[in-house]
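Protein sequences appear in the order of chains L and G. For the first sequence, the numbering used here gives the first residue as 270, with consecutive numbering after it. For the second sequence, the numbering used here gives the first residue as 43, with consecutive numbering after it. Think of the CB as a built atom: it goes at the ideal place given N, C-alpha and C, for glycine as much as any other residue. Just so you know, these numbers come straight off a predicted model, no measurement behind them.
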Amino acid sequence: MNIFEYSIFEYFLKPGSFDVLVNIIIILVKIAIVLGVVMFHVAYATYFERKTIGRMQVRMGPMEVGPHGLLQPIADMLKLFFKEDIIPEKADKTIFYIAPIVSLMAAMSSLAVIPFYKDFAVANINIGLLFILAMSSLGSYGIILSGWSSDSKYAFLGGLRSSAQVLSYEIAMALSLVGVMMMAGSLNMNEIVKAQAEYPTGLYLIPQIIGFFVFVVAALAETNRTPFDLPEAESELVAGYFVEYSGMRFALFYVAEYVGMIIMGCLAATCYFGGWTIPWYIIKILPFLKYVPGVVWFTLKVYFVVFCYYWIRATVPRYRYDQLMSIGWKLLIPLALANIAITGIIKVMVK
Amino acid sequence: MVEIIFGYFAITILIISLLVVTSRNPVHSVLWMLLLFFHVAGIYLLLNAEFLAATQIIVYAGAILVLFLFTIMLLDLREEMQIQRFTRGWPAGLLISTGVLIVLITGLKGFKTTFVGQWDIKEIEEATHTKALGKVLFTEYLLPFEIASLVLLIAILGAVVLAKKKLKT
């Protein structure tokens, strides 16, 4: 039996096994690898974003630190690390301290269930997809709490906006993923990828195109990215919910946002782009591609999604708040429901 | 080992629920409640009910509690924190809850494990909990399930009607 098959709890409860210690060490090593790789990607995602948007706006982007500005993320990190940590006098100190940590924790814990390549996930649990949904819904706590605890109007408004936004788009996102769950017949991320590889088109992107559209829009809103970055709309709210944060605590929010973006990229790659596999017909045309390790395909797919995030940011202006709400409730949720119904009907008919 | 973990969850749930009702700051209460929901989800995991654990977090922690927080943040907390935490009738409440506790403790004796149904733990583990739950819910218990959704629908309609009335006037 695969040791990561069920909940971690149940595994530890197996009596009298020395393997427990070995497996704890294996899990810890896996966590260290995943965190290390993701944190590196977060640092360079900022650089990539500035470069991409710079090019799209006919600028050079960061150029000063290192060749082509390659050391810019490290310089930014050092700057944020040594900045003074200011806490507003009337802030609720405890909540002010824990808000960024909650934000980061919610974003990071989703990484545990993502299969980066065949059977490599920190925890291969049966409810992987639900786990990610649960964790992404917790992300709003960090934002609301930071907005409330800083005792500032701008931060407070940002927090309120964000809580309403994340609540409404969470429904659309969960419903859009139901189509994938129905097609794969499982909530386990590994099983979803395996089911996709066996599917005639090799990816769920084509049969689930409506679901994918809903997912992409909802993912933009969930991670508070443009065009739905109302919680931090700088022209209205200065910087939104983290306006009172500085130094390391601000950096934690920043990291949480980018980790959230990478999670959404991973989720799109696993659920719609076939995870670590590539469609069989591509291998048939170009047979040498099957020697490329799966993790390369996975990362390429994630990079593509993250690039689309930047692309959208450089292209689309911010929506008004009522527009945001009506898109969520009147367009995305009915579309996602229709997608579920269509998927169900087709699945029954094909059977 | 199971008993130790269960004991941890049970005791922590009790302590946290006390903290929820005794915190002076409502926002702190909500945060304690968040922690409480996580521990309840932990108990579901101990019972092999992974789907319930996940929905517990998604629905209660991710949606309902956020709405609570949303409402509480709109209160004037500086005024709220001056108000006495316990109403004057608390001795009566204590009496009633002690009575309920005694009834529950005497009722504990009546508990016994009955026959094992079609879905014992081994079967659920094989079919995965989500599938097992779905099968039972949509075949055997379809009617109660639909009735529950109807009740929720009525609640939603009621809220909409109440909100609309205010808009007109």
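- Item | Residue environment, L:V307, which counts as buried when at least 16 other CB atoms sit within 10 Å | As a working mapping, residue 307 of chain L is identified with position 38 in the first sequence. Counting every other CB atom within 10 Å of its CB across the protein chains shown gives L:V307 a total of 16 or more, marking it as buried.
- Should G:T172 go down as buried or exposed, given a rule of 16 or more other Cβ atoms within 10 Å for buried? Counted from its first residue, the second sequence places residue 172 of chain G at position 130. G:T172 should be labelled buried.
- Could you check if L:F273 is buried or exposed, using at least 16 other CB atoms within 10 Å of its CB as the buried criterion? The sequence position of residue 273 of chain L within the first sequence is 4, counting from 1. Note that L:F273 scores a pLDDT of 45, beneath 50, so its modelled location is shaky and nothing firm can be said.
- Task: Taking a Cβ distance cut-off of 9 Å, strictly less, list which residues of the region 409-428 of chain L are near chain G, in chain order.
- Result: Those would be S409, Y410, I413, L414, G416, W417, S418, F425 and G428, in chain order.
- Message: Any beta carbon of chain G sitting closer than 8 Å to that of L:F484?
- Response: Working through the first sequence from its first residue, we reach residue 484 of chain L at position 215. Output row for L:F484: interface = no.
- Using a Cβ-Cβ cut-off of 8 Å, state whether G:V142 counts as contacting chain L. Residue numbering aside, residue 142 of chain G sits at position 100 when the second sequence is read from its first letter. No, G:V142 lies away from the interface with chain L (no Cβ there is under 8 Å from its Cβ).
- Taking only beta carbons into account, state which residues of the region 81-95 of chain G come closer than 8 Å to chain L, listed in chain order. Hits within the stretch, in order: G84, L87, L88, N90, E92, F93 and A95.
- Whose CA, out of L:N493, L:T539, L:I475 and L:T495, lies closest to the CA of L:S455? In the first sequence, residue 455 of chain L corresponds to position 186, counting from 1. Of the listed residues, the one whose Cα sits closest to L:S455 is L:T539.
- Run down chain G in chain order and give the residues with a C-beta less than 7 Å from the C-beta of L:A403. The sequence position of residue 403 of chain L within the first sequence is 134, counting from 1. Neighbours of L:A403 on chain G, chain order: A96, I99, I100 and G104.
- Query: With a Cβ-Cβ cutoff of 8 Å, do L:G427 and L:A375 count as a contact?
  - Reply: Within the first sequence, the letter at position 158 stands for residue 427 of chain L. Within the first sequence, the letter at position 106 stands for residue 375 of chain L. No; because the gap between Cβ atoms is not below 8 Å, this pair is not in contact.
- Query: Quick one, which of L:V619, L:V391, L:N292 and L:A433 has its alpha-carbon nearest L:L304's?
  - Reply: One-based indexing of the first sequence puts residue 304 of chain L at position 35. It is L:V391.
- What do you get for L:P500, buried or exposed, if any count of 16 or more other CB atoms within 10 angstroms of its CB means buried? Along the first sequence, read from residue 1 onward, the residue named residue 500 of chain L stands at position 231. Counting Cβ neighbours within 10 Å, L:P500 comes out buried, since at least 16 surround it.
- Output the distance between the C-alpha atoms of L:T470 and L:K348, rounded to the nearest integer angstrom. Sequence index remark: in the first sequence, residue 470 of chain L carries index 201 (1-based). Sequence index remark: in the first sequence, residue 348 of chain L carries index 79 (1-based). Between L:T470 and L:K348, the C-alpha separation is close to 48 Å.
- Message: Could you pull the DSSP bridge partners for L:Y579 from this structure?
- Response: Indexing the first sequence from 1 puts residue 579 of chain L at position 310. In DSSP, L:Y579 forms no bridge with anything.
- Message: So that I know if they touch, is there some Cβ in chain A lying closer than 8 Å to that of G:V62?
- Response: Looking at the structure shown, chain A is missing, and the protein chains on hand are L and G.
- Who are the Cβ neighbours of G:Q98 in its own chain at under 8 Å, not counting the five residues just before and after it? Counting from one through the second sequence, the residue named residue 98 of chain G turns up at place 56. Take G:Q98, set aside five residues on each side of it, and the residues of its chain with a beta-carbon closer than 8 Å to its own are F79, V82, A83 and Y86, in chain order.
- Message: Please identify the residue among G:L111, G:L116 and G:S71 whose C-alpha is closest to the C-alpha of G:S59.
- Response: Your numbering for residue 59 of chain G matches position 17 in the second sequence. The option with the nearest alpha carbon to G:S59 is G:S71.
- Evaluate the contact criterion for the region 336-348 of chain L versus the region 49-59 of chain G: three or more CB pairs, one atom per stretch, below 8 Å. Three or more Cβ pairs closer than 8 Å define a contact, and the region 336-348 of chain L falls short of that threshold against the region 49-59 of chain G.
- Query: For G:E92 versus L:I396, is the C-beta spacing smaller than 8 Å?
  - Reply: Counted from its first residue, the second sequence places residue 92 of chain G at position 50. Counted from its first residue, the first sequence places residue 396 of chain L at position 127. A distance below 8 Å separates the beta carbons of G:E92 and L:I396.
- Query: Between which two residues does the alpha helix (DSSP H) harbouring G:G56 extend?
  - Reply: As a position in the second sequence, residue 56 of chain G is number 14, starting the count at 1. Before going on, a small fix: residue 56 of chain G reads as Leu here, not Gly. Element bounds for G:L56: V44 to T64.
- Query: Start and end of the alpha helix (DSSP H) containing L:K620?
  - Reply: Within the first sequence, numbered from 1, the residue matching residue 620 of chain L stands at position 351. Boundaries for L:K620: no alpha helix (DSSP H) harbours it, and the DSSP string shows neither H nor E there.
- Do you know offhand how far L:S445's Cα is from L:E358's? Within the first sequence, the letter at position 176 stands for residue 445 of chain L. Within the first sequence, the letter at position 89 stands for residue 358 of chain L. Within the model, the alpha-carbon separation for L:S445 versus L:E358 is close to 44 Å.
- Message: Can you check whether the C-beta of L:F400 is within less than 8 Å of a C-beta belonging to chain G?
- Response: Taking the first sequence and counting its residues from 1, one reaches residue 400 of chain L at position 131. Taking a beta-carbon distance threshold of 8 Å, L:F400 counts as an interface residue toward chain G.
- So, L:S629 versus L:V435, is the Cβ gap smaller than 8 Å? As displayed, chain L neither begins before 270 nor continues past 620, which places residue 629 of chain L out of reach and without an answer.
- Message: Taking the alpha-carbon of L:S421 as reference, which of L:A312, L:E526, L:G534 and L:Y510 has the nearest alpha-carbon?
- Response: Taking the first residue of the first sequence as position 1, residue 421 of chain L is located at position 152. Per the Cα distances, L:Y510.
- Three or more C-beta pairs closer than 8 Å, one from the region 564-578 of chain L and one from the region 472-479 of chain L: is that the case here? Taking 8 Å as the limit for Cβ pairs, the verdict is that the region 472-479 of chain L does not touch the region 564-578 of chain L.
- Task: Consult DSSP for G:L204 and reduce its assignment to one of helix, strand or coil.
- Result: Taking the first residue of the second sequence as 1, we reach residue 204 of chain G at position 162. Helix at G:L204.
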